[in-house]
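Participant: Sharing a structure, written as structure tokens. Questions coming.
Numbering (full-length UniProt numbering), first residue to last: 1 to 156.
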């Protein structure tokens, strides 16, 4: 099996005229073998072509472990409706904590098709939440990416 080449992250941009759009990207580093979901809010600025710009310097990020990847894959292939423990009629999301604070990632089937992503980060008293939808077409790409990441992590 040839080693996968990860040259670009998989990004989905949702710009809005109201400047409250969100961009999300799945970024894999083949050297460290770490996968991050990064999200950034839209700014009120545009590039020279009139395209919306996103505040990647202030992005929020969630490091996806192997089990986290498996949870997302279960949603994408229809095995479950959302990620994380199922309790009180809903999935509770994926929870991570470190010395700086905590993060919760929700990834679930959308109510009207596609998928819904919400990332909530708490650092001390500060809380940042960003959310975005993925179309079915965007979602169908993710299993390929996620499986390649697992293969690369374990040198399969």
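Don't be surprised by glycine CBs; every beta carbon is placed ideally from N, CA and C. Nothing here was measured: the structure is a model prediction, and the numbers come from that model.
Please report the distance separating the alpha-carbon of residue 35 from that of residue 99.
Facilitator: Sequence index remark: in the chain shown, residue 35 carries index 35 (1-based). Sequence index remark: in the chain shown, residue 99 carries index 99 (1-based). Their backbone Cα atoms lie some 20 Å apart in a straight line.
Participant: With a threshold of 16 other CB atoms inside 10 Å of the CB of residue 12, please say whether the residue is buried or exposed.
Facilitator: Here residue 12 is taken as the residue at index 12 of the chain shown, counted from 1. Classification for residue 12: buried.
Participant: Can you tell which of 126, 116, 32 and 82 has the C-alpha that lies nearest to the C-alpha of residue 63?
Facilitator: Reading the chain shown from its first residue, position 63 is the one you call residue 63. Considering only alpha carbons, the answer is 32.
Participant: I need the DSSP call for residue 16, collapsed to helix, strand or coil.
Facilitator: Position 16 of the chain shown, counted from the first residue, corresponds to residue 16. The answer is coil: DSSP assigns residue 16 none of H, G, I, E or B.
Participant: Could you tell me whether the region 69-84 touches the region 133-143, where touching means 3 or more Cβ pairs closer than 8 Å?
Facilitator: yes
Participant: Using only the alpha-carbon positions, how far apart do residue 48 and residue 85 sit?
Facilitator: Taking the chain shown and counting its residues from 1, one reaches residue 48 at position 48. Taking the chain shown and counting its residues from 1, one reaches residue 85 at position 85. Cα to Cα, the separation comes out at about 45 Å.
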